[in-house]
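Written below as structure tokens is the structure these notes are about.
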Amino acid sequence: MSILERIAQELEIGEDEEVAKLTQNALNNGIPAREILDNGLLKGMDVVGIKFKSHEMFLPEVLMAARAMQAGMDLLKPLLASDGGTGRGKVVLGTVEGDLHDIGKNLVGIMLKGAGYEVIDLGSDVPPEKFVETAKRENSSIIGMSALLTTTMPAMKRVIAILKEQELSGKIRTVIGGAPVSQAYADEIGADAYSYDGANAVVCVYKLLG
Amino acid sequence: MEALLERIKKGEILIGDGAMGSLLMARAKDLIKGKSPEFINLSRTDILEEVAGLYLEAGADIVQTNTFGGSPLKLSDYSLDDKTEEINRAAVRAVKKVVEGRAYVSASCGPSGKMLKPYGNTEPEEMSGSFSRQLNVLIDAGADIICVETMTDVKEAVLAVRAAKEISPSTPVMATMTFDKTPRGFFTMMGVTIEKAAKELEAAGADIVGSNCGNGIENMILIAKEFKRFTALPVIIQSNAGLPEVRDEGVIYPETPEFMAEKSKELAAAGVSIIGGCCGTTPEHIRVIGETIRSL
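So the protein sequences, as listed, match chains A and B. Going by our numbering, the first sequence opens with residue 6, and the numbers climb by one from there. Going by our numbering, the second sequence opens with residue 1010, and the numbers climb by one from there.
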């Protein structure tokens, strides 16, 4: 088994110390940081997402995996930044205006924090302008929005419209999720990504920032 | 009023109440907006009394307090943790005033919203201390029962049950967890099986165990049967009125009072001792379920 496969496997079982050790070994062996991230850490996180969805893994194991991911990322981050790529950044997160459902949004926040992101959680019932203003002020390049109701989903579209008006599309990216939200809806309103659960949100954010 | 556990021992099936959040939202949407539902307790105890009255009238033997998110750890999300005392005391008082001994006052104690180490960042001592602070007030204010509910981490539920029993060993404690049906059986979001929940909650000192919320009453019948396999304690089931369906007009819970009442007969047959409702259930659900169960 290659060292990157081993990183993915140790990440999956939440062995943070082992992931850090293997990541350091991989770097010592001259494997580029970007490759360790893509084919080691993120590959492991992908499997975690799939197993979480199929109920083979539950939240505690997923959180441990996210922690192991963070241990690897701590070593890669400085290299990724100097590599021209971005390291971990800030995510502005919230449930959209008119919607008070925050369980899913909270899980996404926990997972992102676990993976080492700084999360600015605006809570629930967040006005569209507040998402954009906060992202600008905090220099965040990701806005994560959650909705449980079809009646509140259109608020996501308004955030995307404000970003477009202010010529921020592409600079500030949007990830959307929630029970009634789908990839088709994300495509329709021009969101940058759709995420079906917390583990997947981490993968989405990595891909957008990568 | 005769002691709850005595009545259950004699074989009586008691009726719990139904959803609280939706009734509060309908009456104080602007007040709750952006805040915790427990914020109501600080200024609008008249609404708490009205809701308790609706469930009492509907025939509930057990009426819950609006203290689900009343632990200081949870309240700290809204910077209301310094109001823990007032929020919990006002809620118990309001229900007590309305039911006047005609129903048991059940003090709700929901999840802290934090996760325990190692997967989370919270030390068990901190979580336990938070539950103790809330439970001290609830018990001191005169709650007849403590209801630890909607738990998904059995370790957290155990901390709450133990905290209640330490404060008042004689106050009955109900402990319910929320399970999802998966192709591999029932699990909580945190991966807890019914067997593990039943055994660990019983070992922690719970008097009544079971499940609330969830994916509809038909699953609850299966969950109840599984609880009965793993514990001799009385079982409580407080089901959602199905899984919320998103329609153009908003979120609808599909299970009608009549449907849930019909299925409640199977809960009774499975040996469940307390039957109530959770999200999506209304005073009408409780009335029909109560009439059905009492006519058995």
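We put the beta carbon where it would ideally sit given N, CA and C, even for glycine.
Separation of residue j from residue i, as counted between CA atoms
i	j	result
S187 of chain A	A1112 of chain B	45 Å
E1066 of chain B	I1298 of chain B	13 Å
E1094 of chain B	V1244 of chain B	30 Å
S1282 of chain B	V1218 of chain B	10 Å
V1146 of chain B	G1223 of chain B	29 Å
Y1087 of chain B	I8 of chain A	45 Å
A1212 of chain B	R1036 of chain B	40 Å
P65 of chain A	E1011 of chain B	42 Å
G49 of chain A	D1070 of chain B	51 Å
A204 of chain A	I18 of chain A	14 Å
E15 of chain A	A76 of chain A	11 Å
G128 of chain A	G1027 of chain B	27 Å
E1134 of chain B	E1047 of chain B	24 Å
D192 of chain A	G35 of chain A	39 Å
G965 of chain B	K1274 of chain B	This structure does not reach residue 965 of chain B, given that chain B is present from 1010 up to 1305, and the question cannot be answered.
S1031 of chain B	L85 of chain A	48 Å
I41 of chain A	T28 of chain A	7 Å
V1170 of chain B	F1188 of chain B	19 Å
V53 of chain A	K1106 of chain B	51 Å
I12 of chain A	E23 of chain A	8 Å
L1125 of chain B	L1305 of chain B	44 Å
I1246 of chain B	Y201 of chain A	30 Å
D88 of chain A	C209 of chain A	Reliability of the predicted coordinates at D88 of chain A is poor, the pLDDT of 46 falling under 50, and the value obtained from them is presented with this limitation in mind. Taking the straight line from one Cα to the other gives about 21 Å.
L117 of chain A	T1301 of chain B	48 Å
C1288 of chain B	N44 of chain A	43 Å
V1114 of chain B	E1165 of chain B	23 Å
K1083 of chain B	F1077 of chain B	9 Å
I1226 of chain B	S1248 of chain B	6 Å
K162 of chain A	T1290 of chain B	32 Å
K110 of chain A	R1303 of chain B	41 Å
D1053 of chain B	D104 of chain A	The identity of residue 1053 of chain B in the sequence shown is Arg, whereas the question assumes Asp. If I take the Cα positions, the gap works out to 22 Å.
L213 of chain A	T139 of chain A	19 Å
A1241 of chain B	V164 of chain A	54 Å
M6 of chain A	Q171 of chain A	49 Å
Closer than 9 Å at the beta carbon, the chain B residues around residue i
i	result
G128 of chain A	G1043, D1086 and Y1087
S181 of chain A	Correcting the residue identity first, residue 181 of chain A is Ile in this sequence and not Ser. None at all; the shortest Cβ gap to chain B is about 15 Å.
M69 of chain A	P1127 and Y1128
I36 of chain A	Neighbours of I36 of chain A on chain B: none; closest Cβ ~29 Å, over 9 Å.
Contacts of residue i in chain A (Cβ-Cβ under 8 Å)
i	result
T1093 of chain B	Those do not exist, as T1093 of chain B stays about 20 Å from chain A at its closest Cβ, beyond 8 Å.
Beta-carbon proximity list for residue i, same chain, < 8 Å, skipping 5 on both sides
i	result
V1163 of chain B	M1186, T1197, M1199, V1201, K1205, A1206, E1209 and L1210
I1049 of chain B	L1033, A1037, L1040, I1041, I1056, L1057 and N1075
A1233 of chain B	G1219, S1220, V1244, I1246, L1276, A1279, G1280 and V1281
S1080 of chain B	T1093, C1118, G1119, S1121, S1139, F1140, R1142 and Q1143
Residues that residue i contacts on chain B, provided the C-beta gap is smaller than 7 Å
i	result
D65 of chain A	It is worth fixing the name first, because residue 65 of chain A is Pro in this sequence and not Asp. The answer, in chain order, is Y1128, M1199 and G1200.
Under 7 Å from the C-beta of residue i: neighbouring residues of chain A
i	result
R1193 of chain B	H60
V1260 of chain B	L154
Three-state secondary structure assigned by DSSP to residue i
i	result
Q188 of chain A	helix
A1150 of chain B	coil
R1098 of chain B	helix
G1027 of chain B	coil
L1125 of chain B	strand
D1039 of chain B	helix
M1010 of chain B	coil
K1190 of chain B	strand
N34 of chain A	coil
N1224 of chain B	coil
I1071 of chain B	strand
K95 of chain A	strand
A1277 of chain B	helix
I18 of chain A	coil
Q171 of chain A	coil
Nonlocal neighbours in the same chain, by C-beta distance under 6 Å from residue i, ignoring five residues either side
i	result
P1266 of chain B	E1293, H1294 and V1297
A1173 of chain B	L1144, I1155 and V1182
G114 of chain A	L98, V124 and D126
G90 of chain A	For G90 of chain A, the pLDDT reaches just 43, beneath the cut-off of 50, and the residue's location in the model is therefore unreliable, although a value from the coordinates is still provided. Same-chain partners within the cutoff: there are none.
Contacts that residue i makes with chain B (C-beta to C-beta distance below 8 Å)
i	result
I115 of chain A	M1124 and G1129
Under 9 Å from the C-beta of residue i: neighbouring residues of chain A
i	result
G1196 of chain B	Note that residue 1196 of chain B is Phe in the sequence shown, not Gly. Simply H60 and F63.
Beta-carbon proximity list for residue i, same chain, < 7 Å, skipping 5 on both sides
i	result
Y211 of chain A	L47
K176 of chain A	S146
G1110 of chain B	M1010
F1239 of chain B	I1203, E1204, A1207 and K1208
V131 of chain A	G99, T100, V101 and E102
S174 of chain A	L168
Q1073 of chain B	D1026, M1029, S1115, S1117 and C1156
**OP:** Report the residues of the region 150–172 of chain A with a CB closer than 8 Å to any CB of chain B, ordered along the chain.
**Re:** Cβ contacts with chain B: L153, L154, T155 and T156.
Counting only Cβ-Cβ distances shorter than 8 Å, please list the residues of the region 1116–1149 of chain B near chain A, keeping chain order. Look at the region 1116–1149 of chain B: the residues with a C-beta under 8 Å from a C-beta of chain A are G1122, M1124, P1127, Y1128 and G1129.
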